[in-house]
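To start, the structure itself, in structure tokens.
Numbering (our numbering), first residue to last: 163 to 558.
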């Protein structure tokens, strides 16, 4: 089941996107609707709200007077936190009930206004943020009859666009007309969401393109790594001793294939096998693998790893699970830090990349051709650099 979170500030157009996704076939779970449901008359949630804030938050019919409650909590962070402690766990529990009742191959979209604020993002396969310019949002809210001062207060009470962007994989800009927004949603559905769901259904990760393409350094690579690392941490907890961004995309201003390489350090590889099902539920699928042995460590057993990928076609990633203090685990960190520190190393590796990219069209052939350079050049030079700089692989 593909689990998608949809968020956005008030007036950004999140509800419009949710409606379009529903039209395309998604099962939409609306957190705002659930927040009303869990404090409806005769619910345990309403009783808890009244117990904390008093009977003055009820209207004449015994239902929650949301306006009266808002006057109490809006300007009081402490009171708002207490209200959220009552409502949010109940909303999440109800959302789980609804999701669990859906078909296994459903595409479930949870409309969560407070995704950034509540820390739920790592629990979803894909997080979408809907954005619009502040002044345009104020105009839309004015059209709904909300006074400008109240609209500003509501916008400022929520996470900023930057904070939402930090936890989201996709940003949909809603600064045009309705047709344009719906077109963007349809493209996202066809090109990313549906293939992602199919990969999950088949238990496979998205492979890197066979045709080789090196691209310029992208600032988004660091964000993509953080999103994936957060999902892995959620599954494995402290069993992942450390999670590192490695490979060329971890080196600033360096050309690379658009693939995020991640190293997850574990105490022992059988531990990864114990998390196989949980990793699969989170969208990570893999197999037993092995790095190419380097000089001084010729035994293949020392280079065993677990090689996983992510099912998202919009965030192709390779996850290398390696045991702590093995040659492969150490070299992944050493190679990255050597490139970051040594301009000549970066220049030499970039030259090798350029020569091989001109020679090979296939990603597989290009990758295999680089191995001799890693063994004869990168391995000894990086180790000499480690001795000269007193570099040691971080343990945790």
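Where is the CB? At the ideal position from N, CA and C, for every residue including glycine.
All values reported here derive from a predicted model rather than from experimental measurement.
DSSP, read as helix, strand or coil, puts residue 289 in strand.
From the listed residues 228, 178, 249, the smallest Cα separation to residue 200 is found for 249. Sixteen is the threshold: when 16 or more other Cβ atoms of the shown chains lie within 10 Å of the Cβ of residue 272, as they do, the residue is buried. Assignment of residue 367 by DSSP, reduced to helix, strand and coil, places it in the coil class. Under the three-state reduction of DSSP output, residue 390 falls in the helix class.
Taken through DSSP and simplified to helix, strand or coil, residue 335 comes out as strand.
Inter-segment contact for the region 215-232 and the region 280-298 is absent: fewer than three beta-carbon pairs are separated by less than 8 Å.
In this structure, the CA atom of residue 545 is about 8 Å from the CA atom of residue 496. The bridge partners DSSP lists for residue 472 are 446. Residue 329 is positioned such that its CB atom lies closer than 9 Å to that of residue 283. The three-state secondary structure of residue 379, taken from DSSP, is coil. Under DSSP, residue 184 shares a beta bridge with no residue.
DSSP places residue 452 in the strand class (E or B) of the three-state scheme. Exposure of residue 238 is indicated by the presence of fewer than 16 other C-beta atoms within 10 angstroms of its C-beta.
When the alpha-carbon of residue 468 is set against those of 479, 462, 483, the nearest one is in 483.
The three-state reading of DSSP puts residue 211 in helix, counting H, G and I together. DSSP places residue 493 in the uninterrupted alpha helix (DSSP H) bounded by 489-503. The DSSP-derived three-state label of residue 518 is helix. Within the same chain, and ignoring the five residues on either side of residue 395 in sequence, the residues whose Cβ sits closer than 8 Å to its Cβ are 284, 402, 405.
By the C-beta criterion, the region 501-519 is judged not to be in contact with the region 381-394, since fewer than 3 inter-stretch pairs fall below 8 Å. Sequence-distant partners of residue 373 (beyond 5 residues in either direction) whose C-beta falls short of 8 Å from its own C-beta, in its chain, are 523, 524, 525. Nearest to residue 286 by alpha-carbon distance, out of 414, 269, 219, is 269. Taken through DSSP and simplified to helix, strand or coil, residue 479 comes out as strand. For the set 527, 538, 500, the Cα lying nearest the Cα of residue 552 is the one of 500. DSSP places residue 240 in the uninterrupted alpha helix (DSSP H) bounded by 239-262. According to the DSSP assignment, residue 341 belongs to the alpha helix (DSSP H) that extends over 340-350. In this structure, the straight-line span from the alpha carbon of residue 356 to that of residue 472 is close to 15 Å. Under the three-state reduction of DSSP, residue 439 is assigned to helix. A direct Cα-Cα distance of roughly 13 Å separates residue 312 from residue 320. In the three-state DSSP reduction, residue 306 falls in the coil class, being neither helix nor strand. Rounded to whole angstroms, residue 440 and residue 397 show a C-alpha spacing of 6 Å. Residues of the same chain with a CB within less than 6 Å of the CB of residue 189, apart from the 5 flanking positions on each side, are 264, 268, 270 in chain order. Considering only 316, 191, 193, 171, the residue with the shortest C-alpha distance to residue 236 is 316. Following the DSSP letters along the chain, one finds residue 557 in no alpha helix (DSSP H), marked with neither H nor E. In the DSSP secondary-structure assignment, residue 418 is bridged to 377. According to the DSSP secondary-structure assignment, residue 425 is paired through a beta bridge with 406, 482.
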